[in-house]
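Chains as they are written, first to last, in my numbering: chain R, 17 to 170; chain A, 17 to 170.
There are 2 protein chains.
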Amino acid sequence: MANLADLIEQHLKRLLAKSESGTVDVGRNQLAETFSCAPSQINYVLATRFLLEHGYIVETRRGGGGYVRITVLELDPNADWQRLVNSVGEAISQPRGEAIVNRLLRDGVVSHREALLMMAALGRDVLSMKQPWCDIVRANVLRSMLIALYRAKR
Amino acid sequence: MANLADLIEQHLKRLLAKSESGTVDVGRNQLAETFSCAPSQINYVLATRFLLEHGYIVETRRGGGGYVRITVLELDPNADWQRLVNSVGEAISQPRGEAIVNRLLRDGVVSHREALLMMAALGRDVLSMKQPWCDIVRANVLRSMLIALYRAKR
DNA sequence: GACCTTTTGACCTTGTCTGACCTTAATGTC
DNA sequence: GACATTAAGGTCAGACAAGGTCAAAAGGTC
Chain R
17 MANLADLIEQ HLKRLLAKSE SGTVDVGRNQ LAETFSCAPS QINYVLATRF
67 LLEHGYIVET RRGGGGYVRI TVLELDPNAD WQRLVNSVGE AISQPRGEAI
117 VNRLLRDGVV SHREALLMMA ALGRDVLSMK QPWCDIVRAN VLRSMLIALY
167 RAKR
Chain A
17 MANLADLIEQ HLKRLLAKSE SGTVDVGRNQ LAETFSCAPS QINYVLATRF
67 LLEHGYIVET RRGGGGYVRI TVLELDPNAD WQRLVNSVGE AISQPRGEAI
117 VNRLLRDGVV SHREALLMMA ALGRDVLSMK QPWCDIVRAN VLRSMLIALY
167 RAKR
C-alpha cells in the first residue's frame, strides 16, 4: 500500500472530500512535481482509479491554462440509477438499449424529446460498425447519457 | 479558466448580452490594451470563439475609425436545420460538435438537459476509438440526433 | 518463472500568446 | 487633387504551456 499510485489516489480523494462542490482541479505537471514522478504517472492513476465505473468523471484541457478536473458522482448504491447504469453492462444490443429508454419514458424520467434523442444515438446504422464493437460503443454512449441525466437531477 | 483568451471571450459575451441590438463594436488595440496583451491576441479569440459555427458574425474595418463588430446570429429553428445538419459533415471533432450543441442551447432550441444528453454522447472517451473513426462516428451520432430533433418539431 | 501492476521516458497533439511585418482607410498639407 | 502621415486592423511563424500515448523497464505476487 506504499506505492506512488496509491498515494496519489489518496491525495486526490482527500482533496475531493474537502471540496464543497465535489470537484477538484489540478495541474498534471504540478502534481507530478509534488510527488516527484513522471507526469504520465498521473494518467495511470486517473485511468486505473478514477474511472466512470468508480463514480468519477475526469475532464482535461491542454494548452496554456490547462488542467485536470475530477468530479465525484455521489452514486447511491441503493438507488435505481446505480442498478440502471449497471444494467447496461459492457456491451448492449440496440433492442435492449431501446428497451431501457422506453422504460425511462414510460416512468416519466425523460421527456418524449429526450427519449428520441437517446434513441437517435443508439441506432445500429449510426454506430456503423461490426458486431462486438458496435454493442460496446452503444453501451458507452448509453451509460454516459444515463449519468448525464443523473447529474442533471439536481 | 485562467487564461487570457477565456477572459476576453467572457468579456465580449457579457458585452453582447448587455447590448440591445445583439451587436458590439470594440477597438482591437484598445481591447488589447485593457487586457495588457498583444493585439493579435484579440484575433486569436475571434478566430477560435466567434466563428460562424458558434453563431457569430465578425466584421472589421481598418484605418482611422476602424473597429471590430461582433453580431450574434440567432438560429431560426424553423429554417436552419438543413444548414445545421450539413455543418456536421462526414466527420467532426469533439470541440466542434460541442460548439454546435452549445449554440442550440444558447438559442433555446434545446433544453439544458437535452444539451447535456447530447454532449454525453459526443465525448472522446465515450466513442473510444482512434482518430478518423472516432470523428466519423461522432458525426453520425450528432447528425442522427439533430434529425430526431427536427422531426420532433411537429 | 509467469503474470500482473507500477513507473518511467521518449515522442505527440492541442491550445495559447507574442512580435515582426503587411494592408487599408481617414486626414492633413501643399 | 496628389501625396504623405497617421491610425487603425490582418497575418503568420514560432515560442511556450499544457496534457496524451505507448511501449518498455521495473517491481510484486503466487
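The beta carbon of each residue, even a glycine, is placed where N, CA and C say it ideally should be.
Within chain A, no C-beta atom comes nearer than 7 Å to that of L100/R; the closest sits roughly 15 Å away.
Here Y72/A is bridged, per DSSP, to V88/A. Proximity of chain A to G81/R at the Cβ level (cut-off 9 Å) is accounted for by M17, A18, N19, L20, A21, D22, in chain order. Judged by DSSP secondary structure, D41/A falls within the beta strand (DSSP E) whose first and last residues are 39 to 42. About 31 Å separates the CB atoms of A18/A and M161/R; that is not less than 8 Å, and the two are not in contact.
Put simply, of R154/A, I24/A, R159/A the residue whose alpha carbon is nearest the alpha carbon of A54/A is I24/A.
Distance from the Cα of G79/R is smallest, within the candidate group K146/R, G43/R, L132/R, for G43/R. Separation of Q46/R and H27/R (C-alpha to C-alpha, rounded to the nearest whole angstrom) is 13 Å.
Residue ranges of uninterrupted beta strand (DSSP E) with 3 or more members, entirely inside the segment 83 to 133 of chain A and ordered along the chain, are 83 to 88. Of V153/A, I58/A, M145/A, D41/A, the smallest CA-CA separation from G113/A is found for V153/A. For the pair P148/A and H70/R, the Cα-to-Cα distance works out to about 29 Å. Look at R159/A here: in three-state DSSP terms it is helix. Taking F66/R as the centre and dropping the five residues before and after it, the same chain places the C-beta of Y72, V74, I86 closer than 7 Å to its C-beta, in chain order. Bounds of the alpha helix (DSSP H) holding S56/A are 55 to 65.
Within chain A, the residues I152, V153, N156 have their CB atoms less than 9 Å from the CB of S144/R, given in chain order. The shortest C-alpha to C-alpha distance from M145/R to any of L91/A, L138/A, N156/A is the one to N156/A.
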